[in-house]
Every structure is written in structure tokens, then in C-alpha cells.
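Engineer: Mind having a look at this structure? Questions to follow.
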Amino acid sequence: MTLLMSKNTIFFLAFIGILLTGEVTASPLVKSSGSVDVAKLMQPGSLKDMVEGSTDAPVTIIEYASITCSHCADFYQKTLPKIRDKYVKTGKVRLIFREFAYDPRAAAGFMLARCVTEDRYFQMLQILFEKQAEWAFVSDAKLPLFKIAKFIGLNDESFETCLKNQRILDGLNATLQRGRNEFGITATPTFFSNGKKYEGSLSFEQMSAIIDNLLR
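Converting from the sequence shown to this note's numbering requires adding 4 to each position, the first position being numbered 1.
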């Protein structure tokens, strides 16, 4: 016997399923918000690009983020670890992180990350994101930033010297202006993959959809 159902019946059954499970499965697809010249995007700026992953990886993703951005912290703590495990550590993706320091505290945090040894840069970012509420949104950020910097290896003198490093500050400002003027960045985090731009704290499923499409 053939069972025929109208579109209304199918919709009703789907609606009942949502009521019973209390869940709606979101599509992992995410639309690009624009595109840029890949060759220009890949050119390094005033500061050395901070990179995770193999130079031979078939896919390169560039992220512009601020250390004081809550959406960036959300991505860094929830999505990025899964991306690292599935794609970066397996040689499929190379990640390039570029600082988008749009406020003085973000600049200070990134300056400190640049002042630790290069192999601890991403560890410093991790701690700054994890403890963001303790230093980014308080009345006086200097003491909590010093505690973080001391934990990662800086002392009183190197901490003060770092925050006065004009070369790093100028480099951060140059990266910010280049991101705005050449690549149209208006929000953080912003990701670029194969020249296409994606904005917001993307989920693991959304990032995977972008990456898997490029790996095909």
C-alpha cells in the first residue's frame, strides 16, 4: 500500500517532532559576506604573522580578532580547539592569526603576547581570552594583566618595557588600518578562506562546512 502525504501533513509532523525533542537542527552553511584579493591578503604586514599548522596545508584560514572581543573569546574557547584537532594537527589547515586591536586594552594585551617567546604566543592568547572578564572590562587592567604576563614569563621590568614598545604598537595600528582599508573588516572575529570573508563567531559545524568544501 502506498502512503501519500500532503505538504501540510509533512510540515505538521516535522513541527510535532520539534515539539517533542525541543530541538531545531541549524544548517551549518554560512554565507560569505564578501571577497578580497587573495595575493594581497596573503602578504604579511608590519608584524610577523602568527601561524599554527603546516605550511604545506591545502587550506589556509586567516582570522582577524580582538583580545577584548567577547565573540572572539567564544570562538577561541569553543570552536578553535575542535578545528585544531580535526584539521590543523592533521595537516589539512594552516591558521594565521592577525591582531585587530581596536581599543587600548586590546593593544596592551596583544603587545604582551608579542613580548613573550614566540612559541608561547598562542598560550598567552589562550589565557587572555579565558580571563577576559578579569582584565578587559574592569576599571584598572594593569594589575590583572601583569599577573597574566608574570605567569607566562615576564617580570616587572620586561612588563613595563613591553607596554612602551613603540615598534609593536605601530605594527598593531598598521594591521588594524590595513584590515579596515584593504579588506573591509568592520567586525570581529572576521575570517578569510580562499579570499572569501566570513564574519562572526562561527560554530565548529559552520567552520567545518567551509573547510570541507575547500578540501574536496
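Every residue gets a Cβ at the ideal spot worked out from N, C-alpha and C, and that includes glycine. The model shown is predicted, which means the values in this text are computed figures rather than measured ones.
#1: Please report the distance separating the alpha-carbon of L45 from that of K146.
#2: With a CB to CB cut of under 6 angstroms and the five nearest residues on each side skipped, what residues in its chain are close to Y80?
#3: Just mark L99 as buried or exposed, buried being the case when its beta carbon has 16 or more other beta carbons within 10 Å.
#4: Does DSSP put I214 in a helix, a strand or coil?
#5: With a threshold of 8 angstroms on Cβ separation, who are the neighbours of L129 within its own chain once the five nearest residues in sequence on each side are excluded?
#6: Which value, in whole angstroms, describes the spacing of the CA atoms of L33 and T83?
#7: Are the CB atoms of I65 and S197 nearer to each other than 9 angstroms?
#8: In three-state terms, what does DSSP make of K200?
#9: Could you tell me the distance, in whole angstroms, from the CA atom of Y91 to the CA atom of S58?
#10: In this structure, does DSSP put S36 in helix, strand or coil?
Structural biologist: Walking through what the data contain:
#1: 34 angstroms
#2: F133
#3: buried
#4: helix
#5: I71, Y80, F101, A117
#6: 15 angstroms
#7: yes
#8: strand
#9: 10 angstroms
#10: coil
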